[in-house]
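Peer 1:
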Amino acid sequence: MSKTIFIGSIYSQKIKGKEGDYAYMIHNTSEKKRLLIYNENYKQWSNLDLRPGGGNAIVRPFRYDHQNNINKWPRSLGIPTGPGWVSLTQSNKEIIDLAFENIDRALKQDNYDEIWWSASKDHNLGVSIFTPGDDVRKYIVSKLKELCKSENGETWEKYFLFYS
Numbered sequence: 308m309s310k311t312i313f314i315g316s317i318y319s320q321k322i323k324g325k326e327g328d329y330a331y332m333i334h335n336t337s338e339k340k341r342l343l344i345y346n347e348n349y350k351q352w353s354n355l356d357l358r359p360g361g362g363n364a365i366v367r368p369f370r371y372d373h374q375n376n377i378n379k380w381p382r383s384l385g386i387p388t389g390p391g392w393v394s395l396t397q398s399n400k401e402i403i404d405l406a407f408e409n410i411d412r413a414l415k416q417d418n419y420d421e422i423w424w425s426a427s428k429d430h431n432l433g434v435s436i437f438t439p440g441d442d443v444r445k446y447i448v449s450k451l452k453e454l455c456k457s458e459n460g461e462t463w464e465k466y467f468l469f470y471s
């Protein structure tokens, strides 16, 4: 059984038009089956809006829409990060957990080679449009690590990488 690699992409201008740039990656096929995790606006996430967003939410149209059976093989899934989530409350924690249930469901349905997510230079969640609180960002990264461990077992840390 192959392992799923979780890759935190640290965006910079030098990767524009290359691996790590979601706009490039979603339109350029790879031999690897990838899931791009993007930072999502809560309202658009809850309304199942499939219009492209700013930043890494440019890949929103490629997410799986359970209600309308669009994109049966999800190539992207969002994790709400706001707006206005300055700290981790019980309410936004529950919303983040629901988003991770969607991701976990996708991982159980399909065998992905790589899961990409937006990282910062200090290996926290990378953000640009919204600036969620540090505890929100750390919680999301901890959930990504849990998923990686669930997918890869005891050796999960060697499958949790960063790309810049």
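Just so you know, our numbering puts the end of the sequence shown at 471, numbered straight through with nothing missing. Just so it is clear, CB atoms sit at the ideal spot from N, CA and C, and this is done for glycine as well. Since this is a predicted model, take the numbers as computed values, not measurements.
#1: Just how far apart, CA to CA, sit isoleucine 402 and valine 448?
#2: When the Cα atoms are used, what is the spatial distance from threonine 336 to glutamate 408?
#3: At which residue ranges does the stretch 326-386 contain complete alpha helix (DSSP H) runs of 4 or more residues, listed in the order of the chain?
#4: Measure the beta-carbon distance from tryptophan 458 to threonine 311 and round it to whole angstroms, keeping in mind my assumption that it falls under 8 Å.
#5: Assign tryptophan 380 to one of two classes, buried (16 or more other C-beta atoms within 10 Å of its C-beta) or exposed (fewer than that).
#6: Do you know how far the Cα of valine 434 is from the Cα of arginine 412?
#7: Beta-carbon within less than 6 Å of isoleucine 436's beta-carbon, same chain only, minus the 5 sequence neighbours each way: which residues are those?
#8: Spatial neighbours of lysine 456 within its chain, please: CB distance less than 8 Å, with the 5 preceding and 5 following residues excluded, ordered by chain position.
Peer 2: Reading from the atomic positions:
#1: To locate residue 402, count along the sequence shown from 1; it is residue 95. To locate residue 448, count along the sequence shown from 1; it is residue 141. A straight line joining the alpha-carbon of isoleucine 402 with that of valine 448 spans about 15 Å.
#2: Position 29 of the sequence shown, counted from the first residue, corresponds to residue 336. Position 101 of the sequence shown, counted from the first residue, corresponds to residue 408. Each residue's Cα considered, the two are about 26 Å apart.
#3: 329-334 and 349-353
#4: The residue you call residue 458 lines up with position 151 of the sequence shown. The residue you call residue 311 lines up with position 4 of the sequence shown. In the sequence as presented, tryptophan is not what sits at residue 458; that position holds glutamate. Sure, about 4 Å apart at Cβ, within 8 Å.
#5: Within the sequence shown, the letter at position 73 stands for residue 380. So tryptophan 380 counts as exposed.
#6: Your numbering for residue 412 matches position 105 in the sequence shown. Your numbering for residue 434 matches position 127 in the sequence shown. Those two C-alpha atoms are separated by around 25 Å.
#7: Counting from 1 along the sequence shown, the entry for residue 436 is found at position 129. Answer for isoleucine 436: Gly361 and Gly362, listed in chain order.
#8: Residue mapping note: residue 456 aligns to position 149 of the sequence shown, counting from 1. For lysine 456, where only same-chain residues beyond five positions count, the Cβ hits under 8 Å are Trp463.
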